[in-house]
Amino acid sequence: MIEIRTVQVTRYVTPLKEGGSLPAIAEADDDFTYVVKFRGAGQGIKALVAELIGGELARVLGLKVPEIVFAQLDSSFGRTEPDEEIQDLLKASIGENLALHYLAGAITYDPSVNKVDPIMASKIVWLDALITNMDRTARNANMLIWHRELWLIDHGAALYFHHNWTGHETASKSTFPMIKDHILLAQATELEKTDATCKALISEEKLKEIINLIPDSWLQDYDPDYTPEMVKKTYFDFIWYRIQHSEIFLNTAIDARAALI
Numbered sequence: 003m004i005e006i007r008t009v010q011v012t013r014y015v016t017p018l019k020e021g022g023s024l025p026a027i028a029e030a031d032d033d034f035t036y037v038v039k040f041r042g043a044g045q046g047i048k049a050l051v052a053e054l055i056g057g058e059l060a061r062v063l064g065l066k067v068p069e070i071v072f073a074q075l076d077s078s079f080g081r082t083e084p085d086e087e088i089q090d091l092l093k094a095s096i097g098e099n100l101a102l103h104y105l106a107g108a109i110t111y112d113p114s115v116n117k118v119d120p121i122m123a124s125k126i127v128w129l130d131a132l133i134t135n136m137d138r139t140a141r142n143a144n145m146l147i148w149h150r151e152l153w154l155i156d157h158g159a160a161l162y163f164h165h166n167w168t169g170h171e172t173a174s175k176s177t178f179p180m181i182k183d184h185i186l187l188a189q190a191t192e193l194e195k196t197d198a199t200c201k202a203l204i205s206e207e208k209l210k211e212i213i214n215l216i217p218d219s220w221l222q223d224y225d226p227d228y229t230p231e232m233v234k235k236t237y238f239d240f241i242w243y244r245i246q247h248s249e250i251f252l253n254t255a256i257d258a259r260a261a262l263i
C-alpha cells in the first residue's frame with residue numbers, strides 16, 4: 003500500500019528561481035530538507051497533481067524518485083520573507099502543498115557523460131509518453147545523478163489534458179508526438195519489451211490507489227460540474243485507457259526513435 007507522509011514546513015531556506023513555478027528548498031519538522039512545490043504558484047494545483055501521479059507511477063515501474071510528501075504551510079509561515087513575490091506565493095499556498103526529498107549534492111543528468119541502461123531508458127520514455135510529459139528534453143532533462151544513480155524529478159508538466167478539462171476523452175487517444183524530443187529516446191532500444199513489463203506492473207488496483215492519494219481539497223475548483231470523486235475518475239479513465247491502448251503512443255515513440263538513428 004502506498005502511503006504519503008505529511009510534514010510541517012518549518013523554515014524557508016531558498017527559492018529555486020530556475021523553476022518557473024518558484025519551488026523552494028525548505029526544512030520540515032521531521033528534520034529533513036525538501037524541494038517544495040507550492041499550490042499558489044502560477045501553474046497551480048494541477049501541477050501538484052501531475053507531480054504526485056507521475057512520481058508514484060514512476061516508482062511503481064521501479065524507477066527512482068525522491069520521496070514525495072504532503073507539505074503543510076500554516077498562516078504564519080513566510081511573514082518575515084523580505085521578497086514580496088515570494089511572500090505573496092507563500093500566502094497563497096497556506097494549507098497542503100507537495101514536496102520531494104532534497105537530494106543534496108545531486109548533479110543534473112548529462113547525456114554526454116551519463117549513459118542509461120536501455121531497459122531503464124525505455125521505461126522512462128514509455129512513462130513519459132503515457133502521462134504526456136513534455137518536459138524531459140535536452141533543454142530540461144528533469145533527471146539527476148545522485149550517488150551514481152539516476153533519479154527522476156519534476157513531473158508537473160505532465161497530464162496537460164487537465165488544463166482543458168472537457169477534452170479528456172479526445173486527449174486520452176493522443177499519440178504524443180512530442181516524444182520525439184525526449185532526452186533518452188535514442189537510448190530507449192527496448193520499447194516493445196518494456197511495454198509489456200510496464201503494463202503488467204501498473205494494475206487497475208495500483209492505478210486507483212495512486213489516484214486516490216490526491217487530496218480532495220486540491221480538486222474542489224476543477225469544474226463546477228465535477229465533484230472530487232468525478233475528477234479522480236477522469237484521471238483514472240485517462241491513464242487506464244492509455245495503458246490498455248499503449249500502442250497509441252508506443253508506435254509513435256518507436257517511429258520517432260527510428261527517425262533519430
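Residue numbers for the sequence shown follow our numbering, beginning at 3 and rising by one. Even glycine gets a Cβ: it sits at the ideal position worked out from N, Cα and C.
{"Query": "7 Å CB neighbourhood of residue 63 in its chain, flanking five on each side removed", "Result": "125, 129, 200, 203"}
{"Query": "Assigned exposure category for residue 144 - 16 Cβ within 10 Å defines buried", "Result": "buried"}
{"Query": "Euclidean distance between Cα positions of residue 61 and residue 55", "Result": "10 Å"}
{"Query": "Under 8 Å between C-beta atoms of residue 100 and residue 133", "Result": "no"}
{"Query": "Supposed contact pair residue 42 and residue 95 - C-beta distance, whole angstroms, cut 8 Å", "Result": "4 Å"}
{"Query": "Identity of the residues DSSP links to residue 151 by a beta bridge", "Result": "148"}
{"Query": "Stretch pair the segment 177 to 194 + the segment 223 to 233: three plus CB contacts closer than 8 Å", "Result": "no"}
{"Query": "CB contact flag (residue 74, residue 11, <8 Å)", "Result": "yes"}
{"Query": "Sequence-distant residues of its chain with Cβ nearer than 7 Å to residue 206 (five each side left out)", "Result": "242"}
{"Query": "Of the listed residues 104, 131, 114, nearest to residue 155 (C-alpha basis)", "Result": "104"}
{"Query": "Option in 251, 8, 180 with minimal Cα separation from residue 159", "Result": "180"}
{"Query": "Alpha-carbon to alpha-carbon, residue 198 and residue 15", "Result": "43 Å"}
{"Query": "Closest residue to residue 153 among 45, 107, 88 (Cα-Cα distance)", "Result": "107"}
{"Query": "CA-to-CA distance, residue 136 to residue 47, given in whole angstroms", "Result": "18 Å"}
{"Query": "Contact under 8 Å by Cβ, residue 29 with residue 7", "Result": "no"}
{"Query": "For residue 177 and residue 251, believed in contact at Cβ under 8 Å, the rounded distance", "Result": "6 Å"}
{"Query": "Rounded straight-line distance, which links the Cα of residue 214 to that of residue 4", "Result": "10 Å"}
{"Query": "Euclidean distance between Cα positions of residue 259 and residue 168", "Result": "32 Å"}
{"Query": "Nearest neighbour of residue 139, chosen from 245, 93, 85, 123 [CA to CA]", "Result": "123"}
{"Query": "The beta strand (DSSP E) enclosing residue 102, as first and last residue numbers", "Result": "97 to 103"}
{"Query": "For residue 263 and residue 2, the rounded distance between their alpha carbons", "Result": "Look at the range of the chain in this structure, 3 to 263, and you will see that residue 2 is not part of it."}
{"Query": "DSSP-derived helix/strand/coil call for residue 72", "Result": "strand"}
{"Query": "Host beta strand (DSSP E) of residue 29 (start-end)", "Result": "26 to 30"}
{"Query": "Residues near residue 236 in its chain [Cβ-Cβ closer than 7 Å; skip 5 each side]", "Result": "170"}
{"Query": "Three-state secondary structure (DSSP) of residue 109", "Result": "strand"}
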